[in-house]
Structure formats: structure tokens, C-alpha cells
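Colleague: Structure incoming, see below.
Here it is in C-alpha cells:
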């Protein structure tokens, strides 16, 4: 299947008063048409940084040192502002982690949805109003004709997220980049929104990069998964292999630390040690100090490249797990 969005060898740095933060170190992935890619990892792994880089929305303290991100044959890293304005908000949309912070606090939410539509179409004001009402209705907002006159502070967190979704999805984008889109919501609203996003992608043929640290969300939503650790993608495969045949020791340990419902579990198995200092990353594998499977090659060689070890299963490790039963995962 063809890739609608493809990132290659992205290297991203942040300049701080303490030094240079090596946020992303050569990350590559492909988002196929009509599919959902889960980008998973703990806080600080570089997931959101990749998303902002693809959209060229990184803060001024960050720089993309090398790499490309291609959409429809256009390298977004080299694209001009006119091309980016045409694509962002219409063909590629971003759903942020904090919906309330994403909305203008002094502007009625209906006007904000209309503004997004008018910026990318030649619709009249009346047509944009009707489309915004339709989009809000599709998001499940009660009484959308009343909601459009409200300000963000008058809405609950779940309602704000539905407004943000209405803005993002009104123009039927081809690519959705969702950064922890439900992390601030209660579990009931979270489940509703995730179900809607998955159904939307299926019905519209859209593709989505879903950024999350929640493996339960990955299991529910994703077709393909890329696992990040300390700025590197260390494993990339489909969602079935992710849970049933993890190869990288970090992923195996991560899955092994999860509580199990299918059998008795007396103790959790946390990952030992601490994440690396992103200001002083080692030349070797960044998981080395915490890895239970480290061998001499891990200590003496530069960090391994991402290699296809099984069909459609890429791993960056000198001593990966071989079996499908890893760290209590079956």
C-alpha cells in the first residue's frame, strides 16, 4: 500500500541554556493510506517533537538538522509557507493534547470552526456556518446551534475536545496527527472519541498518526506501531506482532510491566534504572544501562540501526528477543 506521509532520518535538536537536547535521532516511518500508525513511547521520547516537525510548528529553540517528511511528493521540510498554509488544516490536521488551550478563549467556538473552514475553502459565510454546525453535530455535541455561541470556558473538557475535532475534521483531511487526543478526558468520553476517530478514518479513507503512551489505546486503534525510546524508533511492526512477538528488550520490558487480567500476577515487573539524560546521550544504545539482555557488542559498538529481522518487523538491537513469549507476554 502506498505511503501518504513518509518521514526519513529526522534529526531534531533543542537548544537550551544547559546544552543541546538530542530530541530525535534519525527517526523514520511510513504512514500508509487508510491506516492508523501508533507512535508510542514514554514522556520525552520524541513523539510530539516528530509531529510538530512534520507540520513545521516547532518552537524557535528547535531545529531540524537533517531528514525529510514527504506528503504527496512534497518535502514538508523544504516547503514554503504558502504550500504549508494550503496543506495544514486541510490535508493534514493536528489534534493537540490539551483542547482547551488550543481554542481562543475570547472567541466563540462557532466562529473558530467557521474560521478554519473559510481559510481553506471558497464557501460563503452562510455555507461555512452550515458546515460548522454539521461538523459539530457529527462530533456528538448536544444542541450545536446553542454551543456555537459559547466561549471555551463555558464548555467541559470533553465538549472542547469535540469542538477541536469538528475544526480538524470538517474538511475531510487525508492525514490526522493526534497527539494524546484523549489524555485529559475521563475514560467514558475517551472511549467515545477514540471510537469516533477510528470509524472516521475507516469511513473517509483518512490516515492517522496516533501519538500515545497508552498501550491499551494502541491495541484498540492502531494497524502499525512505531516504538520510540530516547529519540530513536527502536521497533516498528504491525499491532499483532507488537503484543505477541516483541523483539526489542525495551518493548519486552514495557509489556512485561503491564498488569495482566488473563492470569494470576503476584508482582509487577517494573523496568529498572532511569531514562537517559537527553543532553548527554551515549554513543551506544540508549537502553543499554537498563537492558537485561545487553551483550558485549552493545557496550563496544555504536547504537544499532533499525533492521528488518522478520517480514515487516524492524528492530534496532544487537541481541533481540527470539521467541514470541517475552517477559510474560504470550
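In the working numbering, the protein residues as written are 145 to 474.
Glycine is no exception: its CB is placed at the ideal position from the N, C-alpha and C atoms.
#1: Give the DSSP-derived three-state secondary structure of residue 291 in the structure shown.
#2: Let me know the alpha helix (DSSP H) ranges lying completely inside the stretch 378 to 439, each 4 residues or longer, listed in chain order.
#3: Determine whether the beta carbon atoms of residue 211 and residue 152 lie at a separation below 7 Å.
#4: Sorted by chain position, which residues of the same chain lie with C-beta nearer than 8 Å to residue 473's C-beta, five sequence neighbours on each side aside?
#5: What span of residues does the beta strand (DSSP E) with residue 457 cover, start to end?
#6: Do residue 149 and residue 215 have their beta-carbon atoms positioned less than 7 Å apart in this structure?
#7: Would you report the Cα separation of residue 366 and residue 194, rounded to the nearest angstrom?
#8: Compare the C-alpha of residue 412 against each of 351, 403, 420 and name the closest.
#9: When you compare each of 337, 356, 186 to residue 305 by their alpha carbons, which one comes out closest?
#10: Residue 333: which of 313, 269, 285, 427 sits nearest, CA to CA?
#11: To the nearest angstrom, how far is it from the Cα of residue 207 to the Cα of residue 370?
#12: Leaving out the 5 sequence neighbours to the left and right, which residues in its chain are closer than 8 Å to residue 432 when beta-carbon positions are compared?
#13: Counting C-beta neighbours from all protein chains within 10 Å, is the total for residue 446 16 or more, i.e. buried, or is it exposed?
#14: Less than 7 Å separating the beta-carbons of residue 239 and residue 322?
#15: Please report how far the alpha carbon of residue 247 lies from the alpha carbon of residue 374, in whole angstroms.
#16: Does the contact criterion of 3 or more C-beta pairs under 8 Å hold for the stretch 264 to 280 versus the stretch 317 to 331?
#17: Given 6 Å as the limit, tell me if residue 168 has its C-beta closer than that to any heavy atom belonging to the ligand GTP.
#18: How about residue 392 and residue 378: do their beta carbons lie closer than 7 Å?
#19: Using the beta-carbon count (16 or more within 10 Å), is residue 487 buried or exposed?
#20: Could you give the C-beta distance for residue 200 and residue 183, rounded to a whole number, given that I count them as a contact under 8 Å?
#21: Using a threshold of 7 Å, state whether the C-beta atoms of residue 254 and residue 292 are closer than that.
#22: Please state the DSSP three-state secondary structure of residue 368.
#23: With a 10 Å radius around its C-beta and 16 neighbouring C-beta atoms as the bar for buried, classify residue 440 as buried or exposed.
#24: Hey, how far is the Cα of residue 417 from the Cα of residue 394?
#25: To which residues of the same chain is residue 380 closer than 6 Å at the C-beta, ignoring the five residues directly before and after it?
#26: Could you check which residue in 266, 294, 465, 185 has the C-alpha nearest to that of residue 167?
#27: When the Cα atoms are used, what is the spatial distance from residue 451 to residue 175?
#28: Please return the same chain residues whose Cβ sits closer than 7 Å to the Cβ of residue 296, not counting the five positions on each side in sequence.
#29: With a CB to CB cut of under 7 Å and the five nearest residues on each side skipped, what residues in its chain are close to residue 339?
Modeller: From the atom records:
#1: helix
#2: 383 to 388, 393 to 400
#3: yes
#4: Below a pLDDT of 50, predicted positions are generally treated as unreliable, and residue 473, at 48, falls in that range; the measurement from the model is reported next regardless. Hits under 8 Å: 387, 388, 390, 396, 399, 400.
#5: 457 to 459
#6: yes
#7: 18 Å
#8: 403
#9: 337
#10: 285
#11: 23 Å
#12: 426, 438, 442, 443
#13: exposed
#14: yes
#15: 31 Å
#16: no
#17: With respect to the ligand GTP, the structure offers nothing, as it holds no ligand at all.
#18: yes
#19: The structure shown does not extend to residue 487, since the chain is modelled only from 145 to 474, so the question has no answer here.
#20: At roughly 18 Å, the Cβ-Cβ gap does not stay under 8 Å, so residue 200 and residue 183 are not in contact.
#21: yes
#22: strand
#23: exposed
#24: 12 Å
#25: 370, 458
#26: 185
#27: 18 Å
#28: 244, 247, 249, 253, 304
#29: none
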